[in-house]
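Report on one structure; see the data block that follows.
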Amino acid sequence: MSEVVPPDAVRFCIRCGAPLEKRRRAGKMRPVCPVCGWTYFSDPKVAVAAVVFSENGVLLVRRANPPRQGLWAFPAGFLDAGEDPRRAAERECEEETGLRVRVSALLDVQGKPVEKMGAHIVLYFRAEVTGGILQARDDVSEAAFFPPEALPPLAFEAPGKILAWNLENANL
Ligand SMILES: [Zn+2]
240 MSEVVPPDAV
250 RFCIRCGAPL
260 EKRRRAGKMR
270 PVCPVCGWTY
280 FSDPKVAVAA
290 VVFSENGVLL
300 VRRANPPRQG
310 LWAFPAGFLD
320 AGEDPRRAAE
330 RECEEETGLR
340 VRVSALLDVQ
350 GKPVEKMGAH
360 IVLYFRAEVT
370 GGILQARDDV
380 SEAAFFPPEA
390 LPPLAFEAPG
400 KILAWNLENA
410 NL
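Each residue of the sequence shown is one higher than the one before, counting from 240 in my numbering.
This is how it looks when you write it as structure tokens:
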């Protein structure tokens with residue numbers, strides 16, 4: 240084979256099972272099925288994050304899994320196909336922290352370089368607590384509110400920037 244195939248590349252047609260070939264489609268060389276014509280498009284992976292404030296500070300979770308295991312981040316997770324992004328952010332927050340929240344605003348959209356097991360696009364939503372009991376669940380080892388002057392080590396640079404802006408405007 241003349242072309243290097245990435246280890247995660249799709250090799251067979253998911254419709255008919257035939258081996259895929261590289262052909263030009265929509266301006267790029269892409270895996271195409273020579274039998275049924277199906278084209279594999281590598282779509283961006285989208286994550287949603289909840290930015291939640293209380294009088295005790297900002298809600299963060301400690302990541303129990305790679306990437307950036309042991310560091311802290313906003314409650315977040317991947318968007319399922321067909322899922323409303325706002326509801327997904329609320330769902331992820333409750334799954335990870337036990338707190339029920341309601342999204343009130345879209346804060347930022349950030350594109351990221353491809354990271355193994357990470358997202359390409361992250362939607363950050365401001366959300367308000369409506370109920371529930373704070374407890375670490377799902378993919379996190381701890382969940383807690385932190386005052387702005389005592390933040391733990393953050394997993395990603397982008398949340399730090401969003402945090403700085405929001406802390407200025409949060410009237411804590
Ligand atoms: Zn096919």
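All C-beta atoms, glycine included, are put in the ideal place defined by N, C-alpha and C.
Scanning its chain for C-beta atoms nearer than 6 Å, with the 5 sequence neighbours on each side dropped, one finds around ALA328 the residues VAL287, ALA289, VAL342, PHE364, in chain order.
Annotation: PRO305 to LEU318 spans about 18 Å, alpha carbon to alpha carbon. Annotated three-state conformation of GLY296 is strand, per DSSP. DSSP lists ARG339 as the bridge partner or partners of GLY370. Residue environment for PHE280: exposed (fewer than 16 other C-beta atoms within 10 angstroms of its C-beta). If you ignore the 5 residues before and after GLN374, its C-beta comes within less than 6 Å of the C-beta of GLY337, all in its own chain and listed in chain order. Taking one beta carbon from each stretch, the stretch 265–282 and the stretch 290–298 have fewer than 3 pairs nearer than 8 Å; the two do not touch. Residue list for ligand 1: CYS252, ARG254, CYS255, ALA257, CYS272, VAL274, CYS275, TRP277 (CB closer than 5 Å to any heavy atom, chain order). As DSSP reads the structure, PRO258 sits in a beta bridge with PHE251.
Contact between VAL297 and PRO314 does not hold, since the beta-carbon distance rounds to 11 Å and is not under 8 Å.
For the set TRP311, ALA265, GLY266, VAL271, the Cα lying nearest the Cα of PHE251 is the one of VAL271. Excluding sequence positions up to five before and after VAL274, its CB lies within less than 8 Å of the CB of CYS252, CYS255, ALA257, all in the same chain and listed in chain order. PRO391 and ARG330 have their alpha carbons spaced roughly 24 Å apart. Between CYS332 and ALA366, the gap from beta carbon to beta carbon is short of 8 Å.
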